[in-house]
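Working notes, structure below.
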Amino acid sequence: MAEMAVELDRVEVDDLDPRPRVSRRLRVWSSLWPKLVAVALAIGLWQVVVWAGWQPDYALPGPGPVFKRLAQDLGTANFDLGVAVTLRRALFGYAIAVAIGSLVGILVARVIVLRKAIGAAILGLQSMPSIAWFPLAILLFGLNETAIFFVVILGAAPAIAGGLLSGVDHVQPLLVRVGRVMGARGLGLYRHVILPAALPSFVGGLKQGWAFAWRSLMAGEIIGIVGHQFSIGQQIQVARDFADSEQLLAIMVVIFVIGIVVDSLFGTLDTAIRRRWGLLGSEA
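Under our numbering, the sequence shown has 402 at position 263, and the numbering climbs by one with no breaks.
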């Protein structure tokens with residue numbers, strides 16, 4: 140079976156692509172510079188709005204004071220603790236969501252009756268706003284981290300399951316036939332052919348699941364479900380209560396940077412998988 144997987148991996152389009160390979164440094168730069176330009180334009184627009192006097196400086200400070208405040212806060216005990224607590228919650232809840240979503244996705248993909256029973260429910264859960272679950276979570280678990288994890292998992296798991304299910308549904312029939320010709324049956328067919336071929340869609344589901352999990356976590360922290368613990372959301376709430384716009388925007392910059400870093404990680408993983416399966420040219 141392992142030999143079959145190796146043979147399937149040899150079906151690459153890179154060998155048929157006459158275009159020269161692009162250096163890794165050039166690929167990174169070609170991917171990075173549009174983002175840098177977009178960030179520069181956003182900061183410039185921000186500064187123009189401040190200069191226009193749309194809001195007083197105490198309500199909408201410019202980029203300079205905000206980044207200066209961010210530099211002051213970085214490295215302080217409370218700030219670092221808040222980021223660490225939020226990331227711990229996000230990673231823990233997301234890991235559970237990945238396990239549950241992957242298991243549900245595989246079962247629904249394999250069991251026809253289960254697909255008919257809960258396939259539509261998975262899509263329905265994805266459309267539910269995560270914040271709508273918080274009143275129920277508070278009633279069930281109280282004002283603690285368990286309530287946050289409950290909502291994070293409910294927000295992320297359906298997206299992950301849906302991504303895996305979509306990937307399985309869109310596996311090329313030719314790959315399945317080749318796998319069967321080479322002796323793959325049952326679980327072996329899923330392990331060596333279907334699931335590897337579904338990885339690009341699964342990574343898309345993982346990425347979407349992280350977005351749902353992150354938004355759910357931020358909502359839970361901001362509304363103060365665990366208000367007595369330092370976290371990014373709790374610091375936003377405190378900054379708002381004290382009308383400290385500089386700190387509030389500085390924390391929002393941190394949230395934005397974390398989102399960019401995570402998106403880049405998923406993008407790298409997605410590119411590696413697609414290149415392995417011959418879905419990208421050598422210039423990608």
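In this text, a Cβ means the ideal position worked out from N, Cα and C, and glycines have one as well.
{"query": "Within its chain, find whatever has a CB closer than 7 Å to the CB of A141; leave out the 5 residues flanking it on each side and keep chain order.", "result": "Note that A141 scores 49 on pLDDT, short of 50, meaning its location in the model is unreliable and no value can be drawn from it."}
{"query": "Span of the alpha helix (DSSP H) holding L408?", "result": "384–415"}
{"query": "A191 and V243 look like a contact to me (Cβ under 8 Å); what is the Cβ gap, rounded to whole Å?", "result": "Not confirmed; about 50 Å, so no contact."}
{"query": "When the Cα of A234 is compared with those of R354, G348, M357, V167, which residue comes out closest?", "result": "G348"}
{"query": "For a test of the three-state rule: what should DSSP assign to M357, helix, strand or coil?", "result": "helix"}
{"query": "Beta-carbon within less than 6 Å of G343's beta-carbon, same chain only, minus the 5 sequence neighbours each way: which residues are those?", "result": "G302"}
{"query": "Any idea if R163 is buried or exposed, counting beta-carbon neighbours within 10 angstroms, 16 or more meaning buried?", "result": "exposed"}
{"query": "Please report how far the alpha carbon of V150 lies from the alpha carbon of A238, in whole angstroms.", "result": "Model confidence at V150 stands at a pLDDT of 46, short of 50, so the residue's coordinates are unreliable; what they give is reported in the following sentence. Approximately 30 Å, taken between the alpha carbons."}
{"query": "Which same chain residues, not among the five before or five after P157, have their C-beta less than 6 Å away from its C-beta?", "result": "Because the pLDDT at P157 is just 48, under 50, the model does not fix this residue reliably, and the value given afterwards should be weighed accordingly. Hits under 6 Å: none found."}
{"query": "Are the beta-carbon atoms belonging to A389 and D219 less than 8 Å from one another?", "result": "no"}
{"query": "Any idea what DSSP makes of L279, helix, strand or coil?", "result": "helix"}
{"query": "How many angstroms separate the CA atom of I251 from the CA atom of L304?", "result": "12 Å"}
{"query": "Going by C-alpha distance, which of L313, L230, V189, L356 is nearest S269?", "result": "L356"}
{"query": "Give me, in chain order, the residues of the same chain whose beta-carbon lies closer than 6 Å to that of A261; leave out the 5 immediate sequence neighbours on both sides.", "result": "It is worth fixing the name first, because residue 261 is Ile in this sequence and not Ala. Once the five neighbours on either side are set aside, the close Cβ partners of I261 are P297, A300, G301."}
{"query": "Indicate the three-state DSSP secondary structure (helix, strand or coil) for H309 in the structure shown.", "result": "coil"}
{"query": "Taking the straight line between their C-alpha atoms, what separation do you get for P200 and I182?", "result": "12 Å"}
{"query": "Let's see if you can read the secondary structure: which residues bound the alpha helix (DSSP H) around S169?", "result": "163–190"}
{"query": "Use the C-beta contact count for F273: other C-beta atoms within 10 angstroms, 16 or more gives buried, fewer gives exposed.", "result": "buried"}
{"query": "Would you tell me roughly how many angstroms separate the C-alpha atoms of D380 and L282, rounded to the nearest one?", "result": "20 Å"}
{"query": "Give every residue of the same chain whose Cβ lies closer than 7 Å to the Cβ of L408, excluding the five residues on either side of it in the sequence, and list them in chain order.", "result": "V342"}
{"query": "On the premise that I371 lies in contact with V222, defined as a C-beta separation below 8 Å, what is that separation, rounded to the nearest angstrom?", "result": "6 Å"}
{"query": "Run through DSSP, which three-state label would S241 get?", "result": "helix"}
{"query": "Among V307, G214, V310, A271, which residue has its Cα nearest to the Cα of L293?", "result": "A271"}
{"query": "Compare the beta carbon distance of A236 and V167 with 8 Å and say whether it is the shorter of the two.", "result": "no"}
{"query": "By alpha-carbon positions, which one of L313, V396, Q374, F395 ends up nearest to L387?", "result": "Q374"}
{"query": "What three-state label does DSSP hand F369 in the structure shown?", "result": "coil"}
{"query": "Confirm, please, whether the CB-CB distance from G306 to S340 is below 8 Å.", "result": "yes"}
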